[in-house]
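Positions 693 to 823 (the working numbering) are the ones given, in order, by the sequence shown. Below is one structure, written out as structure tokens, with a few remarks after it.
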Amino acid sequence: MDRSSPVGRTTGLVVAGALAGAALVGAGVALADGLAGGSPKVTYVKENRTIPPGYLSTNVVCPKGQQAIGGGFAHVGEHQQEHPVIAEISAPSNTSGEPDDPTNAWTFFFVNDKEKTTPVEVHVICAPLDG
């Protein structure tokens, strides 16, 4: 087969792609096998909060020995799209107050411009500190 023909070039690219893909899969399997104890144990913590008229500053804390790797919130029940509760802060933090300590919590600062309280669920996703 002539490698300069379109069919020859396509065949060569397909073979090269297959070999590269196989090498990546093999490397991924080797990396996964090299992880101590397999994949780290991820913990999910969900709590309910009630945001009063005005604002609420709150956090959700990871279990001891774990760090926050994600977080968020969800409205519970009805909410007004025209006047939503605003989360001005949704970010990792730590409960120690020391800047170099691991982030073991997810912090929120909600603003509620309604006259009624608004319920929300707050979440943090945690992974082991040494994982």
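C-beta: ideal position from N, C-alpha, C; glycine also. Computed from a predicted structure; not experimentally measured.
Chain-order list of residues whose beta-carbon lies under 6 Å from that of residue i (same chain, five-residue window excluded)
i       : result
Glu-739 : Val-752 and Val-814
Tyr-736 : Ile-817
Buried versus exposed call for residue i [16 or more other C-beta atoms within 10 Å across all chains shown]
i       : result
Val-812 : buried
Gln-759 : buried
Ala-722 : At Ala-722, the pLDDT of 33 sits below 50, so the modelled position is not reliable; the number obtained from the coordinates is stated separately. Exposed: under 16 other Cβ atoms inside 10 Å.
Gly-763 : buried
Close-in-space but distant-in-sequence residues of the same chain around residue i (CB under 7 Å, 5 per side omitted)
i       : result
Ile-743 : Val-777, Phe-802, Asn-804, Thr-809, Thr-810 and Val-812
Thr-750 : Arg-741, Phe-800 and Val-814
Enclosing beta strand (DSSP E) for residue i [first to last residue]
i       : result
Lys-738 : 735–743
His-767 : 758–767
Asn-804 : 797–804
Val-752 : 746–753
His-775 : Counting along the chain, His-775 falls outside any beta strand (DSSP E), and DSSP gives it neither H nor E.
Glu-813 : 810–820
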